[in-house]
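Peer 1: Protein chains in written order, with my numbering: chain A, -11 to 65; chain B, 685 to 1453.
(1) Rounded to the nearest angstrom, what separates residue 1197 of chain B and residue 810 of chain B at their Cα positions?
(2) Which runs of the alpha helix (DSSP H) spanning at least 4 residues fall entirely within the stretch 831 to 912 of chain B, listed in chain order?
(3) Counting only beta-carbon atoms, is residue 51 of chain A nearer than 8 angstroms to chain B?
(4) Could you name the residues of chain A that residue 738 of chain B contacts, counting a contact when the two beta carbons are closer than 9 angstroms?
(5) Determine which residues of the stretch 37 to 64 of chain A have a Cβ less than 8 angstroms from any Cβ of chain B, and write them out in chain order.
(6) Quick check: the stretch 1272 to 1281 of chain B against the stretch 1090 to 1104 of chain B, are there 3 or more CB pairs under 8 angstroms?
(7) With 8 angstroms as the threshold, decide whether the Cβ of residue 1119 of chain B is near any Cβ in chain A.
(8) Given that a residue counts as buried once 16 or more other Cβ atoms are within 10 Å of its Cβ, and exposed if not, what is residue 1433 of chain B?
(9) Thinking just about the alpha-carbon of each residue, which of B:1356, B:1253 and B:1352 is nearest to the one in residue 1454 of chain B?
(10) State the beta-bridge partners of residue 767 of chain B as determined by DSSP.
(11) If you follow the alpha helix (DSSP H) that residue 1126 of chain B is part of, which residue opens it and which one closes it?
(12) Can you pull the chain B residues whose beta carbon is under 7 angstroms from the beta carbon of residue 23 of chain A, in chain order?
(13) Enumerate in chain order the residues of its own chain whose CB-to-CB distance from residue 1114 of chain B is below 8 angstroms, with the five nearest sequence positions on each side excluded.
(14) Among B:922, B:1131, B:1097 and B:1143, which residue has its Cα nearest to the Cα of residue 1117 of chain B?
(15) Can the beta-carbon of residue 1306 of chain B be found less than 8 angstroms from the beta-carbon of residue 1270 of chain B?
(16) Using a cut-off of 8 angstroms between C-beta atoms, extract the partners of residue 17 of chain A located in chain B.
(17) Relative to the alpha-carbon of residue 1248 of chain B, which residue among B:984, B:1170, B:1382 and B:969 has its alpha-carbon at the smallest distance?
(18) Beta-carbon separation of residue 21 of chain A and residue 64 of chain A under 8 angstroms?
(19) Establish whether the CB of residue 746 of chain B and some CB of chain A are separated by less than 8 angstroms.
(20) Run through chain E and tell me which residues come within less than 7 angstroms of residue 28 of chain A, C-beta to C-beta.
(21) Measuring alpha carbon to alpha carbon, tell me which residue in B:923, B:1410 and B:931 is nearest residue 913 of chain B.
(22) Taking DSSP as the reference, what is the three-state secondary structure of residue 655 of chain B?
(23) Decide if the stretch 738 to 748 of chain B is in contact with the stretch 13 to 28 of chain A; the criterion is three or more beta carbon pairs, one per stretch, under 8 angstroms apart.
(24) Residue 1361 of chain B: which of B:1014, B:983 and B:1337 sits nearest, CA to CA?
(25) From the DSSP secondary-structure annotation, give me the bridge partner or partners of residue 735 of chain B.
(26) Is residue 1056 of chain B helix, strand or coil by DSSP?
(27) If you follow the beta strand (DSSP E) that residue 824 of chain B is part of, which residue opens it and which one closes it?
(28) Tell whether a beta-carbon distance below 8 angstroms holds between residue 1281 of chain B and residue 1309 of chain B.
(29) Across which residues does DSSP place residue 1263 of chain B in a beta bridge pair?
(30) Give a yes or no on whether 8 angstroms exceeds the smallest Cβ distance from residue 1139 of chain B to chain A.
(31) Under 7 angstroms between beta-carbons, which chain A residues line up against residue 1039 of chain B? List them in chain order, please.
(32) Determine, using beta-carbon pairs with one atom in the stretch 28 to 39 of chain A and one in the stretch 696 to 707 of chain B, whether at least three such pairs fall under 8 angstroms.
(33) Is the beta carbon of residue 1255 of chain B closer than 8 angstroms to that of residue 1412 of chain B?
(34) May I ask whether a heavy atom of the ligand NAD can be found less than 7 angstroms away from the beta carbon of residue 859 of chain B?
(35) Given a limit of 7 angstroms on CB to CB distance, which residues of the stretch -7 to 7 of chain A reach chain B?
(36) Do you know whose CA, among B:1351, B:1363, B:1410 and B:1387, lies nearest residue 1377 of chain B's CA?
Here's what the structure looks like:
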């Protein structure tokens, strides 16, 4: 099943399929390791609901929901 | 001298390594034109001394952030003799991503595999030899923290720097290999240096490269037209990034077993984060930490012990003489720590520094000058101009450093990133990111470190907007103005409550800052809300050595300023206040004949809409003089009040009753000025508002200039400060004097808002078409 990363619930695990978005944001997502095939664990939301925190390639990354919406995921399990 | 550059991700231990290598030789400077720290120092244990250059922490060599462009240009243009790439072994995948990019440049390179001890402690292994043979560069295991392996690292780097190295790419195993190879050959034919690096970046459509090699682009597009990828189509940027990560995970990820990786990820951050970014408790905990920092630094009643237990003052204890001086040296020392309440550590350090050290030193120096046979004007210049100026700047130092120490701890421990995480949502409304919070809140302490802290903001416009509003977060030096004027209003007019006025003014500052940011972000500093894609580094205990290095940097920065711009400006102001237009030296009491008074009388009408201009009659210029003196340092405002009040009393023949003009808080001096000028309450409040929102002290102006870099931005900032203070004070004065003017101001605000919205909407429409 495909979902965008911003639709993930806490504890969801998935694999990155595609990354969209405008140049600067897309490049930043790539540089931080969000490339097709990478495994992502959704960890938590900030107290005000946004941004979110994920684990990718063994480290913690935070990004806004609007940025996470650029990442299409294949949900696992 | 050979130059080695340190490059690596943020939080990979780069600063620790830098400090370990260079010891105390490091010094801070600014990059030409750009305002990111460049630090360099010297390593002496190689056969010849080597200069170590610390590049900004980066994740990639993309053209999007200033740090990345700086690092990239440094390696390409300045060609260091060797690049030492620090790699965090506990986070190999992402760290090696940068490595694969530096590898493509024709420069000698050594990989420093840091934090290997942590990996080994967890019972895991990384095959350094595999890494070295795959990438074709030496790999040295180090622990920057324990200073293990540094000698080995430097010897390897030194040996590498003797040989040239040709760039190598990990993309040669990908589908892009042919395309990159063709472009590289074409560039090499043109005599381009580092052809491989430029070839890869050109294939990526990197904006800087496309600009640099315009004539080659059509040819590359031709090459590219023959290329087709199933997944990415013609998105070459994605293709390259993907190929790099694929290569890394194929060869090196197995080196760190997956189980271990998860263990790292969980254990390091999880426990602390469960509490610190908790859904409900995250924000309250943050507020408590923030309050604690300010309490520890500035509070004169530590833990409110004095208020709770109604502790006696030194006077109650009979430890003071009739003049209010301590009876002996021991009591003087005690007075630094206690007087009716225990002081907070920040205040204690401040008192000892100012009362015991700086005060003594300059008192002694002043005595020497006074007893010499110099002309009275020279004595005045040295004692009141130079010494007092330097002393007043030095007097800030301890509290700024204490505040800075706390913020450094937050930064080094990894909590600062979590604060940004917690607050981003709130700040986005104003077109800023969560990272803008820290510099703003630091502004309540002192604008100087706050402005320096804006370096953590990636977006240039966001930085400018933040630097501009920092002075609105009323700093410690503005508090005396508030207490003096508010105190005088209560004492003289018998209305209101001094605390309410003070609190209200702080609030006014915050509201002004918010409105100003909104206004700037929708007009002159328009831009998208900067992205917020940020690593949350693992928590770790801050290193004492690193903290001290931070503080030492800060101190040097500050002292340098004290002896240059601030010293020069105090001398100028001293001349303007102590000389008349016909170059006669004036005593303090004759300030009304001074050049500054003359100028102030001239510009006095300008301040009429603010309530302290022409309507105050012949003595009204005193408020203008005080405000101008405040541009040097805000403490000058109250000091000037004291001097001016005594002149006024003498000139106007006032009956001041029991007022003590020299009293420290300045409340009585302000009352005398009210008596002489007949200034109204709204005008007094407008005066405070003006001082709070106008051009801050010289130290802050100098810092803003250095941080903004761009001259046009800096001039714009000065105009912005003048304009906002003028508008705010005029608003305070007119609304306070004539309540119905509220409607006029509201109408103006509404009109401005409509105009901006309308203009921006139209702008979007044009763009859309």
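Don't be surprised by glycine CBs; every beta carbon is placed ideally from N, CA and C.
Since the structure is predicted, the reported quantities are computational estimates derived from the model, not experimental observations.
Peer 2: This is what the structure holds:
(1) Rounded to the nearest angstrom, the two C-alpha atoms are 51 angstroms apart.
(2) 834 to 844, 861 to 873, 879 to 887, 891 to 896 and 901 to 909
(3) yes
(4) Residues of chain A passing the Cβ test: none, with the nearest at roughly 21 angstroms.
(5) 37, 38, 39, 41, 43, 45, 46, 47, 48, 49, 50, 51, 52 and 55
(6) Result no; under three Cβ-Cβ pairs closer than 8 angstroms.
(7) Taking Cβ atoms only, chain A never reaches closer than 8 angstroms to residue 1119 of chain B, which makes this a no.
(8) exposed
(9) Beyond the ends of chain B as shown, which are 685 and 1453, falls residue 1454 of chain B; an answer cannot be given.
(10) In DSSP, residue 767 of chain B forms a bridge with B:689 and B:793.
(11) Looking at the DSSP string, the run of the alpha helix (DSSP H) that includes residue 1126 of chain B is 1121 to 1126.
(12) 925, 926 and 929
(13) 1198, 1201, 1202 and 1205
(14) B:1143
(15) no
(16) 1217
(17) When only C-alpha atoms are compared, the closest one is B:1382.
(18) no
(19) Yes, its Cβ sits closer than 8 angstroms to a Cβ of chain A.
(20) Judged by its chain identifiers, the structure shown contains no chain E, and its protein chains are A and B.
(21) It is B:923.
(22) This structure cannot settle anything about residue 655 of chain B, because the visible part of chain B is limited to 685 through 1453.
(23) Taking a cut-off of 8 angstroms on C-beta distances, the stretch 738 to 748 of chain B touches the stretch 13 to 28 of chain A, as three or more cross pairs fall below it.
(24) B:1337
(25) B:687 and B:726
(26) DSSP places residue 1056 of chain B in coil when its eight states are reduced to three.
(27) Counting along the chain, the beta strand (DSSP E) containing residue 824 of chain B begins and ends at 823 to 825.
(28) yes
(29) In the DSSP output, where bridge partners are listed per residue, residue 1263 of chain B has B:1269.
(30) no
(31) The premise fails here: residue 1039 of chain B is roughly 44 angstroms from chain A at the closest Cβ pair, so nothing lies under 7 angstroms.
(32) no
(33) no
(34) This structure does not include the ligand NAD; it has no bound ligands of any sort.
(35) 7
(36) B:1410
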